[in-house]
């Protein structure tokens with residue numbers, strides 16, 4: 001049984017989406033000449049500044065396109081739905097944002113992305129552009145603690161990109177930008193829960209099966225298996241299960257400070273997200289951890305998947321400064 005989508009042609013969905021985004025946000029975004037999958041910030045790249053290039057597959061909007069703009073990412077390379085961009089649009093992004101101080105590539109830790117961004121970095125070196133890479137690995141469910149380098153990057157990208165983009169905008173060196181990006185990644189913890197599948201535009205068929213009364217804790221943003229499947233619980237029980245795993249990793253202490261993201265995977269409405277956020281605040285208050293800032297909504301989606309994720313960004317003074325730094329992007333702004 002096929003799902004319903006408002007599309008013209010599944011094979012053209014990404015390119016038509018990009019046309020629509022550029023039409024909606026001409027003040028913020030443009031495409032690189034001859035490379036429509038390379039989306040560049042109109043205000044951001046400048047001489048002497050480290051360029052920040054993010055990217056990955058489509059279907060996660062507003063990740064990655066929504067975070068391109070002054071004070072955050074300078075460019076995003078866009079792949080097909082749930083697929084890495086090839087090296088060429090990544091290279092065009094690097095060329096477009098290179099200000100002579102180097103370029104930082106940031107993206108989720110997925111094999112296709114690693115291969116293609118690494119190829120683009122080698123190609124950039126031939127054009128005398130130094131490109132370094134910081135992988136995001138915030139998904140607590142995707143590998144054991146002693147194998148964090150194998151974890152996936154999911155909604156916590158929001159905080160990690162924000163910190164790195166602020167460091168770039170403050171004209172810090174490539175060494176410093178890379179250090180802050182890695183520190184932000186190490187301080188970011190995400191857990192998700194899926195309630196239903198999504199479907200790709202080309203197939204319009206669910207990409208996994210889950211029972212009408214089931215949920216899966218820890219499922220990835222492409223439908224990768226989670227760590228436990230069981231009966232759908234209450235909002236408080238689901239949130240508690242996710243927070244317990246995050247707290248075990250983050251080891252918060254009384255007096256600590258965090259930023260919170262409660263993110264919809266696509267079709268879960270704001271009402272349910274705010275019910276979850278209520279529980280997050282209760283749990284943080286109970287252990288004496290203060291909430292510096294909270295975001296609730298669609299930030300890293302999985303097409304129309306039902307479900308949500310909770311991310312905690314464990315702040316210190318430096319990371320708080322980067323989080324509070326102003327930015328102005330097509331789908332997100334702060335400060």
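In the UniProt record's numbering, the protein residues as written are 1 to 335.
Ideal placement from N, C-alpha and C gives every residue a C-beta, glycine not left out.
All of these numbers come straight from a predicted model, not from anything done at the bench.
* **Counterpart residues of residue 107 in DSSP-defined beta bridges** => Position 107 of the chain shown, counting from 1, holds the residue named residue 107. Its beta-bridge partners are 135.
* To do: Quick one: which unbroken alpha helix (DSSP H) runs of 4-plus residues sit fully inside the stretch 127 to 186? Chain order, please.
  => 157 to 169 and 174 to 186
* Cβ pair residue 305, residue 266 closer than 8 Å -> For this step, residue 305 is matched to residue 305 along the chain shown. For this step, residue 266 is matched to residue 266 along the chain shown. Cβ atoms of residue 305 and residue 266: closer than 8 Å.
* To do: Measuring alpha carbon to alpha carbon, tell me which of 52, 49 and 14 ends up nearest residue 37.
  => By one-based count along the chain shown, residue 37 stands at place 37. Answer by Cα proximity: 14.
* Asked: At a cut of 8 Å, does the stretch 39 to 48 reach the stretch 60 to 77 through at least three beta carbon pairs?
  -> yes
* Does the stretch 126 to 133 come close enough to the stretch 207 to 219 to have 3 or more Cβ pairs within less than 8 Å? -> no
* Separation of residue 109 from residue 149, as counted between CA atoms -> One-based indexing of the chain shown puts residue 149 at position 149. One-based indexing of the chain shown puts residue 109 at position 109. Rounded to the nearest angstrom, the two C-alpha atoms are 8 Å apart.
* From residue 111 to residue 118, what distance separates their C-alpha atoms? -> By one-based count along the chain shown, residue 111 stands at place 111. By one-based count along the chain shown, residue 118 stands at place 118. Answer to the nearest angstrom: the Cα atoms are 11 Å apart.
* Assign residue 225 to one of two classes, buried (16 or more other C-beta atoms within 10 Å of its C-beta) or exposed (fewer than that). => To locate residue 225, count along the chain shown from 1; it is residue 225. That one is exposed.
* **Sufficient close CB pairs (3 or more, under 8 Å) joining the stretch 154 to 172 to the stretch 236 to 250** => no
* Does DSSP classify residue 214 as helix, strand or coil? -> Counted from its first residue, the chain shown places residue 214 at position 214. If DSSP states are grouped into helix, strand and coil, residue 214 belongs with the strands.
* Beta-carbon separation of residue 21 and residue 65 under 8 Å? -> Here the question's residue 21 lines up with position 21 in the chain shown. Here the question's residue 65 lines up with position 65 in the chain shown. Cβ distance < 8 Å, so residue 21 and residue 65 count as in contact.
* Asked: Do the CB positions of residue 214 and residue 229 come within less than 8 Å of each other?
  -> Position 214 of the chain shown, counted from the start, is the residue given in the question as residue 214. Position 229 of the chain shown, counted from the start, is the residue given in the question as residue 229. Cβ distance < 8 Å, so residue 214 and residue 229 count as in contact.
* From what residue to what residue does the alpha helix (DSSP H) around residue 255 run? -> Counting from 1 along the chain shown, the entry for residue 255 is found at position 255. No alpha helix (DSSP H) contains residue 255, which DSSP labels as neither H nor E.
* Asked: Which full runs of the beta strand (DSSP E) of 3+ residues lie inside the stretch 76 to 120, going along the chain?
  -> 103 to 108
* With distances taken from CA atoms, which of 152, 181, 84 and 193 is nearest residue 216? -> On the chain shown, residue 216 is found 216 positions in, with the first residue counted as 1. Of the listed residues, the one whose Cα sits closest to residue 216 is 193.
* Asked: Does the distance from the CB of residue 96 to the CB of residue 75 come in under 8 Å?
  -> Numbered from 1 along the chain shown, position 96 holds the residue referred to as residue 96. Numbered from 1 along the chain shown, position 75 holds the residue referred to as residue 75. Yes, they are a contact pair.
* Taking the C-alpha atoms as reference points, what is the distance between residue 197 and residue 128? -> Taking the chain shown and counting its residues from 1, one reaches residue 197 at position 197. Taking the chain shown and counting its residues from 1, one reaches residue 128 at position 128. Cα to Cα, the separation comes out at about 44 Å.
* Asked: Under the three-state reduction of DSSP, which class applies to residue 322: helix, strand or coil?
  -> The residue labelled residue 322 in the question sits at position 322 within the chain shown. Residue state, collapsed to three classes: helix.
* Asked: Are three or more beta carbon pairs between the stretch 278 to 294 and the stretch 140 to 156 nearer than 8 Å?
  -> no
* **Every unbroken beta strand (DSSP E) inside the stretch 269 to 334 [3 residues or more]** => 290 to 297, 307 to 315 and 327 to 329
* Asked: Among 298, 11, 52 and 88, which has the Cα closest to the Cα of residue 33?
  -> Taking the chain shown and counting its residues from 1, the one referred to as residue 33 is at position 33. Among 298, 11, 52 and 88, the Cα nearest to that of residue 33 is on 88.
* To do: Give a yes or no on whether 8 Å exceeds the smallest Cβ distance from residue 252 to chain B.
  => The displayed structure is made up of one protein chain only, and chain B is not part of it.
* To do: Have a look at 203, 221, 81 and 120 and flag the residue whose alpha-carbon is nearest the alpha-carbon of residue 191.
  => Here residue 191 is taken as the residue at index 191 of the chain shown, counted from 1. Comparing Cα positions, the closest option is 221.
* **Nearest neighbour of residue 233, chosen from 272, 165 and 113 [CA to CA]** => Looking up residue 233 in the chain shown gives position 233. Taking only the C-alpha atoms, the option nearest residue 233 is 272.
* Sort 147, 227 and 202 by Cα distance to residue 11 and report the nearest one. => Numbered from its first residue, the chain shown carries residue 11 at position 11. It is 202 whose Cα lies nearest to the Cα of residue 11.
* **Collapsed DSSP secondary structure at residue 231 in the structure displayed** => Numbered from 1 along the chain shown, position 231 holds the residue referred to as residue 231. Looking at residue 231 - three-state DSSP - the assignment turns out to be strand.
* residue 197 (DSSP reduced to helix, strand or coil) -> Residue mapping note: residue 197 aligns to position 197 of the chain shown, counting from 1. In the structure shown, residue 197 sits in coil (DSSP, three-state: anything other than H, G, I, E or B).
* My guess is that residue 204 and residue 239 are in contact by the Cβ rule of under 8 Å, so how many angstroms apart are they, rounded? -> Numbered from its first residue, the chain shown carries residue 204 at position 204. Numbered from its first residue, the chain shown carries residue 239 at position 239. No, residue 204 and residue 239 are not in contact; Cβ-Cβ is about 32 Å, not under 8 Å.
* Where does residue 212 land, buried or exposed, given buried means 16+ other C-beta within 10 angstroms? -> Within the chain shown, numbered from 1, the residue matching residue 212 stands at position 212. Burial call: exposed.
* **Backbone secondary structure at residue 50 - three-state DSSP** => Here the question's residue 50 lines up with position 50 in the chain shown. Three-state DSSP puts residue 50 in coil, outside helix and strand.
* **Alpha carbon of residue 116 to alpha carbon of residue 321, nearest angstrom** => Counting from one through the chain shown, the residue named residue 116 turns up at place 116. Counting from one through the chain shown, the residue named residue 321 turns up at place 321. Cα-Cα distance, rounded: 32 Å.
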